[in-house]
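The structure under discussion appears below in the form of structure tokens.
2 protein chains.
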Amino acid sequence: MVDLNRRGLVLAAGGAMAAAGIGASSWAAPVAAPSGRKLGYAIVGLGSYGLGVIIPQFKHCQNSRLVALVSGDPAKAQRVAAEYGVPERGIYNYQNYDGIRDNPDIDIVYVCLPVSMHAEYTIRAAKAGKHVLCEKPMAPSSADCEAMIAACKQAGKKLMIGYRCHFEPYNLEAIRRARVGEIGKLRYFRSEHGFTANNPSAWRLKKAMSGGGSLMDIGIYALNAARYMTGEEPNAVYATERTDRSDPRFREVEDMIEFELEFPSGVLGSCMSMYSANQNHILLMGDKGRIELEPGTGYRGNRLWVGNGRENEITPPPGPGANQWAGQLDHMAQCVLQDRQPIVPGEEGLRDIRIIEAVYQSAREKRRIALRA
Amino acid sequence: MVDLNRRGLVLAAGGAMAAAGIGASSWAAPVAAPSGRKLGYAIVGLGSYGLGVIIPQFKHCQNSRLVALVSGDPAKAQRVAAEYGVPERGIYNYQNYDGIRDNPDIDIVYVCLPVSMHAEYTIRAAKAGKHVLCEKPMAPSSADCEAMIAACKQAGKKLMIGYRCHFEPYNLEAIRRARVGEIGKLRYFRSEHGFTANNPSAWRLKKAMSGGGSLMDIGIYALNAARYMTGEEPNAVYATERTDRSDPRFREVEDMIEFELEFPSGVLGSCMSMYSANQNHILLMGDKGRIELEPGTGYRGNRLWVGNGRENEITPPPGPGANQWAGQLDHMAQCVLQDRQPIVPGEEGLRDIRIIEAVYQSAREKRRIALRA
Numbered sequence: 070m071v072d073l074n075r076r077g078l079v080l081a082a083g084g085a086m087a088a089a090g091i092g093a094s095s096w097a098a099p100v101a102a103p104s105g106r107k108l109g110y111a112i113v114g115l116g117s118y119g120l121g122v123i124i125p126q127f128k129h130c131q132n133s134r135l136v137a138l139v140s141g142d143p144a145k146a147q148r149v150a151a152e153y154g155v156p157e158r159g160i161y162n163y164q165n166y167d168g169i170r171d172n173p174d175i176d177i178v179y180v181c182l183p184v185s186m187h188a189e190y191t192i193r194a195a196k197a198g199k200h201v202l203c204e205k206p207m208a209p210s211s212a213d214c215e216a217m218i219a220a221c222k223q224a225g226k227k228l229m230i231g232y233r234c235h236f237e238p239y240n241l242e243a244i245r246r247a248r249v250g251e252i253g254k255l256r257y258f259r260s261e262h263g264f265t266a267n268n269p270s271a272w273r274l275k276k277a278m279s280g281g282g283s284l285m286d287i288g289i290y291a292l293n294a295a296r297y298m299t300g301e302e303p304n305a306v307y308a309t310e311r312t313d314r315s316d317p318r319f320r321e322v323e324d325m326i327e328f329e330l331e332f333p334s335g336v337l338g339s340c341m342s343m344y345s346a347n348q349n350h351i352l353l354m355g356d357k358g359r360i361e362l363e364p365g366t367g368y369r370g371n372r373l374w375v376g377n378g379r380e381n382e383i384t385p386p387p388g389p390g391a392n393q394w395a396g397q398l399d400h401m402a403q404c405v406l407q408d409r410q411p412i413v414p415g416e417e418g419l420r421d422i423r424i425i426e427a428v429y430q431s432a433r434e435k436r437r438i439a440l441r442a
Numbered sequence: 070m071v072d073l074n075r076r077g078l079v080l081a082a083g084g085a086m087a088a089a090g091i092g093a094s095s096w097a098a099p100v101a102a103p104s105g106r107k108l109g110y111a112i113v114g115l116g117s118y119g120l121g122v123i124i125p126q127f128k129h130c131q132n133s134r135l136v137a138l139v140s141g142d143p144a145k146a147q148r149v150a151a152e153y154g155v156p157e158r159g160i161y162n163y164q165n166y167d168g169i170r171d172n173p174d175i176d177i178v179y180v181c182l183p184v185s186m187h188a189e190y191t192i193r194a195a196k197a198g199k200h201v202l203c204e205k206p207m208a209p210s211s212a213d214c215e216a217m218i219a220a221c222k223q224a225g226k227k228l229m230i231g232y233r234c235h236f237e238p239y240n241l242e243a244i245r246r247a248r249v250g251e252i253g254k255l256r257y258f259r260s261e262h263g264f265t266a267n268n269p270s271a272w273r274l275k276k277a278m279s280g281g282g283s284l285m286d287i288g289i290y291a292l293n294a295a296r297y298m299t300g301e302e303p304n305a306v307y308a309t310e311r312t313d314r315s316d317p318r319f320r321e322v323e324d325m326i327e328f329e330l331e332f333p334s335g336v337l338g339s340c341m342s343m344y345s346a347n348q349n350h351i352l353l354m355g356d357k358g359r360i361e362l363e364p365g366t367g368y369r370g371n372r373l374w375v376g377n378g379r380e381n382e383i384t385p386p387p388g389p390g391a392n393q394w395a396g397q398l399d400h401m402a403q404c405v406l407q408d409r410q411p412i413v414p415g416e417e418g419l420r421d422i423r424i425i426e427a428v429y430q431s432a433r434e435k436r437r438i439a440l441r442a
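Protein chains in written order, with my numbering: chain A, 70 to 442; chain E, 70 to 442.
This is the structure:
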């Protein structure tokens, strides 16, 4: 159960959103980056996200630098290393990966692999004495998540999950306004998240690699937003899945899934996830108005309205980094430098995966599933 | 079960949307009005809808004229009669209402009373030998609806429900484009309908008069749209209600209710109804695009987009009447003149009420409720 009074008091007393704690129930905004020392990152996986999205961000970072790459493709690794100034000793493959333990340049490993490999490469990094930033969704199962958390704890290393929206200015501003009561008492949350998965051979569509379909990959943004926008943890879910199994893209994983989240305060959450259309929308309704984002969790171009309808468009103050990825990379580096818990630690990833498991169970069993407090 | 192939063939063969039949499963567009004879209407109830919305529409009608009023307020009735040219013999109260049987001016009775009075005044009209147009929602219970249908059938009189959106150009155009396959195979329907009920003493908020809360009054637009946009009847529902019972407006009826509709073809419907915020939105997604209306079911100002996103805004061709109410009034008159079944007969109202009963049951019992075919 969420202690709403306590959180309300904390906010009222200090306006402090950066209070200690984890997860949506004690949501905390990232603090500004201290300049100075840069920690070294190893990027594991040179796919479209690791190579195309993450690696180009280091030039925007204050506390993070790229020092190593892990790839199964030696030529690609050489090419990327040359382009980004990664030294020869920073190039690894999946066989010699454990050798990162002997590379003092590497402080943090960022796991950008298919979901099924997250647990293994997180645990091996922790055993090699490295902190870990792991892409979302955290893992195919809550058991995997628990093992990842345990491994990092045992190694005395930090574990953070790549929830970039927690470092994105429009989402941060939406959360801030919700928390200070700008739309009154919260009542209803709605989010639709989807994109058109066009490539039938993408690993996202192979259950053994992805752990699931649209919910794991894109619907998780709606779920995570439901939690950070309301600041609560759901205590029951109901879900219905609709997938055209004759579509070659969806032989193994779900396309469309609608799910409802019941929150202890009475807020009702309703989410839709799909792999067959582009949709990116967040709505939070209170008894005095609404907060709306569309797109809400895009790489760029997000928009925010606060009030009633879409008359009052908001331009938020800058986020903690030059962009959401730089903010995320630097936050992890700062947590290591200052020995703080990341605002989106492994426990945050585990929470989403536990809820996702309940959502899948609800869809299978066609019944409401209560969640443990 | 809906015979999709049969409907598809009918549409492909003739482009004929005005085929015989009832309800969403055989949705039919109203045909153009023949000019000529005007049938006489008695308006029962001079409240905000009957007096403020319906009565001013007769001047736009081709086959309908106002000939009688039924009111419990003699002074108001006299004033309205004088303003609209209703003769003295056309003024009734609730005691002498059955005397309409002796007034040959009256062909059709339009029941604009609180919901709890719909059955009684429909049945008495039928027994008085008059056709009936009854406002939505049809009645507080399906048993009432069945009694209304039986009474009109026994009297050999027509019964139509006031689903104005079936005569509204934007909705008709949206339906037409969905039916001809412009957005491909239908996948998902979503609608949010709400308004801020400000007056705690309104009859809408008294359960004995309204039969229920936002779902009966405004959420029914989302439900009816789910049926006419998809052309299908749901075979299961799931619902969650959230009402602040400490709010003086909501001591007796629900405020917010979220409900899911499962359709036999696999289309998933998701609807939200509320009495505590303004919301009016309809989204229909197909595998080749989407149809969106916002507002979707307003008295005026509706907007329609077809394609992907909101790039392609559509201005529909004119509807069957000068406006949705004139179209509705004239449709009923034409059905009487031509001895046709209205496109939204009593059975259409009964269908919604049966689904609403299942939605309420689902919310009470926190479980999925299967609907009889």
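From the three backbone atoms N, C-alpha and C, an ideal C-beta is built for every residue, glycine too.
Source: prediction; values computed, not measured.
If you compare the alpha carbons of E:184, E:433 and E:412 with that of residue 276 of chain E, the shortest gap goes to E:184. Annotation for residue 188 of chain E: 208, 213, 216 and 217 place their beta carbon closer than 7 angstroms to its own, counting only its chain and skipping 5 residues before and after. Residue 125 of chain E sits exposed, since fewer than 16 C-beta atoms from the chains shown fall within 10 Å of its C-beta. Interface annotation, residue 291 of chain E: not in contact with chain A, CB-CB separation never under 9 angstroms. With a threshold of 16 other beta carbon atoms within 10 Å, residue 355 of chain A meets it and is buried. Taken in chain order, the complete alpha helix (DSSP H) segments of 4 residues or longer contained in the region 177-235 of chain E are 187-196 and 211-224. Residue nearest to residue 166 of chain E within the set E:131, E:395, E:138 and E:270 is E:138 (criterion: CA-CA distance).
Beta-carbon to beta-carbon, residue 353 of chain A and residue 298 of chain A are separated by about 5 angstroms, close enough to satisfy the 8 angstroms threshold. Under the three-state reduction of DSSP, residue 429 of chain A is assigned to helix. Residue environment for residue 388 of chain A: buried (at least 16 other C-beta atoms within 10 angstroms of its C-beta). No residue range can be given for residue 266 of chain E, since it is assigned to no beta strand (DSSP E) and is classified by DSSP as neither H nor E.
Contact between the region 256-263 of chain A and the region 369-387 of chain A is not established, with fewer than three Cβ pairs separated by less than 8 angstroms.
Classified as buried, residue 399 of chain A has 16 or more neighbouring CB atoms from the shown chains inside 10 Å of its CB. Chain E places no beta carbon closer than 9 angstroms to that of residue 149 of chain A, leaving this residue out of the contacts. Contact annotation: in the region 311-338 of chain A, residues whose CB is within less than 7 angstroms of a CB in chain E are 311, 325, 327, 329, 331, 335 and 337. Taking 4 residues as the minimum length, the alpha helix (DSSP H) runs contained wholly in the region 276-352 of chain E are 276-279 and 289-299, in order along the chain.
Taking all protein chains shown into account, residue 312 of chain A has 16 or more neighbouring C-beta atoms within 10 Å of its C-beta and is therefore buried. Rounded to the nearest whole angstrom, the C-alpha separation of residue 192 of chain E and residue 113 of chain E is 13 angstroms.
Residue 441 of chain E and residue 306 of chain A have their C-alpha atoms roughly 25 angstroms apart. For residue 162 of chain A, the CB contacts under 8 angstroms within the same chain, skipping 5 residues up- and downstream, are 139, 140, 141, 143 and 146 in chain order. Against chain E, the CB of residue 347 of chain A has a partner CB under 9 angstroms away; the residue lies at that interface. Within chain A, the residues placing a beta-carbon under 7 angstroms from that of residue 309 of chain E are 329, 331 and 337, ordered along the chain. Residues of chain A whose Cβ lies closer than 9 angstroms to the Cβ of residue 256 of chain E are, in chain order, 311, 313, 324, 325, 343, 345 and 346. When A:235, A:265 and A:436 are compared, the shortest CA-CA separation from residue 390 of chain A is found for A:235. For residue 356 of chain A, the nearest beta carbon of chain E is closer than 9 angstroms to its own beta carbon. In the structure shown, residue 116 of chain E adopts coil according to DSSP, grouped into three states.
Listed by position along chain E, the residues whose Cβ is nearer than 7 angstroms to that of residue 435 of chain A are 437.
Residue 370 of chain E is outside the set of residues whose beta carbon lies under 9 angstroms from a beta carbon in chain A. Secondary structure at residue 134 of chain E: strand, using DSSP grouped into helix, strand and coil. Taking 9 angstroms as the threshold, the shortest C-beta distance from residue 204 of chain E to chain A does not fall below it.
The distance from the Cβ of residue 263 of chain E to that of residue 348 of chain E is about 4 angstroms, consistent with a contact at the 8 angstroms cut-off. Put simply, the backbone Cα of residue 153 of chain E is about 10 angstroms away from that of residue 134 of chain E. As DSSP reads the structure, residue 106 of chain A sits in no beta bridge.
At a cut-off of 9 angstroms, the C-beta of residue 300 of chain E has no neighbouring C-beta in chain A.
For residue 170 of chain A, the closest C-alpha among the options A:156, A:376 and A:199 is that of A:199.
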